[in-house]
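Visitor: Respectively, the protein sequence lines represent chains A and B. This note's numbering numbers the first residue of the first sequence as 1 and each following residue consecutively. This note's numbering numbers the first residue of the second sequence as 1 and each following residue consecutively.
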Amino acid sequence: MNSLYPYLLILFPTLAIFTVVFLVMSRYRGYVEEEPLGEIRTISPALKIIKLIFSKTITSIEIVIIVVSLYLLTIMASSIASYTYSMRTIDLEGMPHIFDVAGVSNTIDDIDRVIQARYTIVVIQMYRTLIFNVSNKTLMFYPLLIGCNKDAELKDNISSYVKLLIDLCVALKTNNLIILNKNLGIPVQEISLPEGIKYTIITLDLKPLLDLELIPGMYILHSIGSIGGETIKLEDVNRIALLRMTQGNIDILCKGKCDAKIIALYIDTKKSSSLNNTIDEYRNIFNHVIVRRYNTGMVYSNTFIPTPESIVGLLILFLISIVILLSLSGGLIEKLSYVVNKLLNIGISKELYGASSILTLTIIFSIAAVPIAISHYVGWLHSFGFVAYLIMSVATIFILSNQLTRKLNIVQHLPQRSSATYIAESYISVENLKKCLTQLLSNDDFFHLNEIEVLENSKYFVLRLEMVYRIALSTIASSEIYVESYDGLWRYVVEVDVWSIEEFTAREVRYITLLALSKIYGGLTSCLERSS
Amino acid sequence: MLREIVLKSFRYSLSRTGMHYIIIFSITSYIYLCMYRSVLVFIVMLFLSILMVVASILSDRRDVIQFISVFHLVGARRKILFMTITIFILPRFFSISIAYSIAMISSPSMLPLIFSIHIIAALILSLIIVKGIML
Numbered sequence: 001m002n003s004l005y006p007y008l009l010i011l012f013p014t015l016a017i018f019t020v021v022f023l024v025m026s027r028y029r030g031y032v033e034e035e036p037l038g039e040i041r042t043i044s045p046a047l048k049i050i051k052l053i054f055s056k057t058i059t060s061i062e063i064v065i066i067v068v069s070l071y072l073l074t075i076m077a078s079s080i081a082s083y084t085y086s087m088r089t090i091d092l093e094g095m096p097h098i099f100d101v102a103g104v105s106n107t108i109d110d111i112d113r114v115i116q117a118r119y120t121i122v123v124i125q126m127y128r129t130l131i132f133n134v135s136n137k138t139l140m141f142y143p144l145l146i147g148c149n150k151d152a153e154l155k156d157n158i159s160s161y162v163k164l165l166i167d168l169c170v171a172l173k174t175n176n177l178i179i180l181n182k183n184l185g186i187p188v189q190e191i192s193l194p195e196g197i198k199y200t201i202i203t204l205d206l207k208p209l210l211d212l213e214l215i216p217g218m219y220i221l222h223s224i225g226s227i228g229g230e231t232i233k234l235e236d237v238n239r240i241a242l243l244r245m246t247q248g249n250i251d252i253l254c255k256g257k258c259d260a261k262i263i264a265l266y267i268d269t270k271k272s273s274s275l276n277n278t279i280d281e282y283r284n285i286f287n288h289v290i291v292r293r294y295n296t297g298m299v300y301s302n303t304f305i306p307t308p309e310s311i312v313g314l315l316i317l318f319l320i321s322i323v324i325l326l327s328l329s330g331g332l333i334e335k336l337s338y339v340v341n342k343l344l345n346i347g348i349s350k351e352l353y354g355a356s357s358i359l360t361l362t363i364i365f366s367i368a369a370v371p372i373a374i375s376h377y378v379g380w381l382h383s384f385g386f387v388a389y390l391i392m393s394v395a396t397i398f399i400l401s402n403q404l405t406r407k408l409n410i411v412q413h414l415p416q417r418s419s420a421t422y423i424a425e426s427y428i429s430v431e432n433l434k435k436c437l438t439q440l441l442s443n444d445d446f447f448h449l450n451e452i453e454v455l456e457n458s459k460y461f462v463l464r465l466e467m468v469y470r471i472a473l474s475t476i477a478s479s480e481i482y483v484e485s486y487d488g489l490w491r492y493v494v495e496v497d498v499w500s501i502e503e504f505t506a507r508e509v510r511y512i513t514l515l516a517l518s519k520i521y522g523g524l525t526s527c528l529e530r531s532s
Numbered sequence: 001m002l003r004e005i006v007l008k009s010f011r012y013s014l015s016r017t018g019m020h021y022i023i024i025f026s027i028t029s030y031i032y033l034c035m036y037r038s039v040l041v042f043i044v045m046l047f048l049s050i051l052m053v054v055a056s057i058l059s060d061r062r063d064v065i066q067f068i069s070v071f072h073l074v075g076a077r078r079k080i081l082f083m084t085i086t087i088f089i090l091p092r093f094f095s096i097s098i099a100y101s102i103a104m105i106s107s108p109s110m111l112p113l114i115f116s117i118h119i120i121a122a123l124i125l126s127l128i129i130v131k132g133i134m135l
């Protein structure tokens, strides 16, 4: 229940604001302001229209329900959010086995956490060059710091590369040692760094380091990226300066801030649950974690992606918001169309109306987004909820504004008066026709024959029928059949008129009219054919 | 007569567009409740279902107004009107309640809560409609 309080804190202030705006707007809806004489203010008519549409929209119950339901959906989206690391599998067949778990971090700031974690070997690639002047020659080096865990036990079948790295660690016994490549042929025994600290030079063969790859494309030596799938790495091993990984060396080489890449390698010796713990530990520290299982490697990156389940949840919420929106849009449009029709009469263009309705909706949903944004900032709402709100509100604005403007393009059809004429040679007396029609129409599925009467004139007969449409509540189809004679031919004209207390669309009225007409016309023809 | 009114308003409620929206809502919320079983989601869904029924009535606004005016024309009493409106609303709440109940079948203690909240909401809503506040 405690988890509910933050959500209530979001909902109540917003609802209170809406209620106050609602009440104020309703109170002053019909109020006409009398401006003092002599003071002429020019207000843009467009602004007035926007104000009018805004006040009409915000005081409607539909918009309040839409906003509240969006809040509820946002809370639900926030509560279901779950993320996962992005992961891909790579083939490591033929690659030397130099790690079980490897972590790669792109910033030097993580070094404290890396040192405290479980590791076998840590390599730091420094992207700031070291420049020495040795016997009038300027030499440039890329520093590579290396540190090993003394307690780490190693398996027998371990790769020779790991032994090489460990040997390098052993060679760097003290802080003031620097390893350079054997072939460099440096004539001095000692060099001093810019800070004046002297380093003793050891020369070893560093060539094997050149091809040491963790996974395809990722080297132990410095690399600066890749072009067309090819990694650009340091090709000259003579440019490498190996140092011991200590805080002092890091401070000297990386004064202030510098670009560096930390690579930590962990080799599991016990084949136990410690591997899984290490994976979890590494995931919290590094940007990328590579786990090797036999010949496959799994690369986890800390770019979070939502789980498929939460995406499905978001889609369902989206669907629910659309359903609520569609059921409410009709009423809102009806309320606005009353104002809009008047505006169109005084010469407002459809474009201006469309633009102002979009602006109004955008303003309303932006104001409603403020509590969501605040609670996201404070941490009550998950960012997933915020994203869900944005998606749903954009969809709402799009659908509502689309429907509001589309409604204007519908041309009203004029009511159609339907009639049918039948000309026959045979004559049937009007009384017989009345009986026949009563018999045919009395058991009809759609209409209940309410009344049938014969009216007589000196020129023609009129049969008047009144039928109640059974499916609706109060819809009546009244029709007249005019019977005239023309030189021995008989002309029957059927006319149908539908009357209803219900508000039907033109299409529905037309449908009922045609249905009634077909019933009466069919009855008439069958009666006439029966008599002949 | 009473039976006919009840049947007619029941059928009338089922045939309106608002009911179609309610059915879509019931199906989606059923899937949602099956996927995420938490108290927060359930409570929020209960609120949302009430809002959805209000929305569905507002979508059938014209029909409900005509329905009421027809009853006024034939001189129906307020009690009858209240009853018919309740019957008009109840199928909507029931379709949601059934969907929720199936989704929450593993925790039967929730079922009376779902039904009672929905029935109370239906009664309050019909009272509001009869008073003419909402429409």
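Ideal Cβ placement from N, Cα and C applies to all residues, glycine included. Owing to the predicted nature of the structure, the values given are computational and were not obtained by experimental measurement.
Is the CB of A:L210 under 8 Å away from at least one CB in chain B?
Guide: With 8 Å as the cut-off, A:L210 does not count as an interface residue toward chain B.
Visitor: Starting from the C-beta of A:K207, find all residues in its chain whose C-beta is less than 6 Å away, skip the five residues before and the five after it, and write them out in chain order.
Guide: Closer than 6 Å at the Cβ level, and outside the excluded window around A:K207, lie V237.
Visitor: Within 8 Å, do at least three Cβ pairs link the segment 472–479 of chain A to the segment 499–516 of chain A?
Guide: Segments in contact, yes.
Visitor: Following the continuous alpha helix (DSSP H) through B:A99, name the residue where it begins and the one where it ends.
Guide: From DSSP, the alpha helix (DSSP H) with B:A99 extends over 78–103.
Visitor: Exposed or buried, what is A:T360 when buried is set at 16 or more other beta-carbons lying within 10 Å of its beta-carbon?
Guide: The residue is buried, with at least 16 neighbouring Cβ atoms inside 10 Å.
Visitor: How should A:R464 be labelled, buried or exposed, when 16 other C-beta atoms within 10 angstroms of its C-beta is the threshold for buried?
Guide: Result: exposed.
Visitor: Using DSSP bridges, identify the partner residues of A:Q125.
Guide: Per DSSP, A:L144, A:K261.
Visitor: If you drop the 5 nearest sequence neighbours on each side, which residues of the same chain put their C-beta closer than 6 Å to that of A:A424?
Guide: Around A:A424: W490, L528.
Visitor: How about A:I240 and A:L221: do their beta carbons lie closer than 8 Å?
Guide: Contact: yes.
Visitor: Quick check on A:I302: does DSSP put it in helix, strand or coil?
Guide: One point to set straight first is that residue 302 of chain A is Asn, not Ile, in the sequence displayed. Residue state, collapsed to three classes: strand.
Visitor: If you count every other CB in all the chains shown that lies within 10 Å of the CB of A:K56, and 16 or more means buried, which is it?
Guide: So A:K56 counts as buried.
Visitor: Between which residues of its own chain and A:T525 is the CB-CB distance below 8 Å, once the five residues before and five after are set aside?
Guide: Contacts found: Y422.
Visitor: Does the distance from the C-beta atom of A:L317 to that of A:A77 stay below 8 Å?
Guide: Yes, the pair counts as a contact, with Cβ atoms nearer than the cut-off.
Visitor: Under a CB-based cut-off of 8 Å, is A:G331 close to chain B?
Guide: It does; some Cβ of chain B falls within 8 Å.
Visitor: Taking its Cβ as the centre, do 16 or more other Cβ atoms sit within 10 Å of A:N249, making it buried, or is it exposed?
Guide: It counts as buried.
Visitor: By DSSP, does A:M245 sit in helix, in strand, or in coil?
Guide: Residue state, collapsed to three classes: coil.
Visitor: To the nearest angstrom, report how far apart B:I27 and B:A99 are at their CA atoms.
Guide: In a straight line, the C-alpha of B:I27 is about 7 Å away from that of B:A99.
Visitor: Can you confirm whether A:I290, when its beta carbon is compared against all beta carbons of chain B, has any partner nearer than 8 Å?
Guide: No, its Cβ sits nowhere closer than 8 Å to a Cβ of chain B.
Visitor: Using beta carbons (cut-off 8 Å, strictly below), is B:T28 in contact with chain A?
Guide: With 8 Å as the cut-off, B:T28 counts as an interface residue toward chain A.
Visitor: Grab the span of the beta strand (DSSP E) containing B:H118 for me, first residue to last.
Guide: It is not in any beta strand (DSSP E) - B:H118 instead sits in the alpha helix (DSSP H) that spans 110–131.
Visitor: Against chain A, does B:A55 count as a neighbour if the rule is that its beta carbon must be under 8 Å from one of theirs?
Guide: It does; some Cβ of chain A falls within 8 Å.
Visitor: Compare the C-beta of A:S69 with all C-beta atoms of chain B and state if any pair is closer than 8 Å.
Guide: With 8 Å as the cut-off, A:S69 counts as an interface residue toward chain B.
Visitor: Quick one: complete beta strand (DSSP E) runs, 3+ long, within the segment 472–521 of chain A?
Guide: Counting whole runs of 3 or more residues, the segment 472–521 of chain A contains the beta strand (DSSP E) stretches 475–486, 489–500.
Visitor: Compare the C-alpha of B:L7 against each of B:S97, B:I87, B:I124 and name the closest.
Guide: Residue B:I87 is the option with its Cα nearest to B:L7.
Visitor: Please specify which runs of the alpha helix (DSSP H), each continuous and at least 4 residues long, are wholly inside the segment 24–66 of chain B, giving them in chain order.
Guide: The qualifying runs are 39–59.
Visitor: Answer with yes or no whether the minimum CB distance from A:L92 to chain B is below 8 Å.
Guide: Closer than 8 Å: no.
Visitor: For A:I512, would you say it is in contact with chain B, using Cβ-to-Cβ distances shorter than 8 Å as the test?
Guide: Judged by the 8 Å Cβ criterion, A:I512 is not in contact with chain B.
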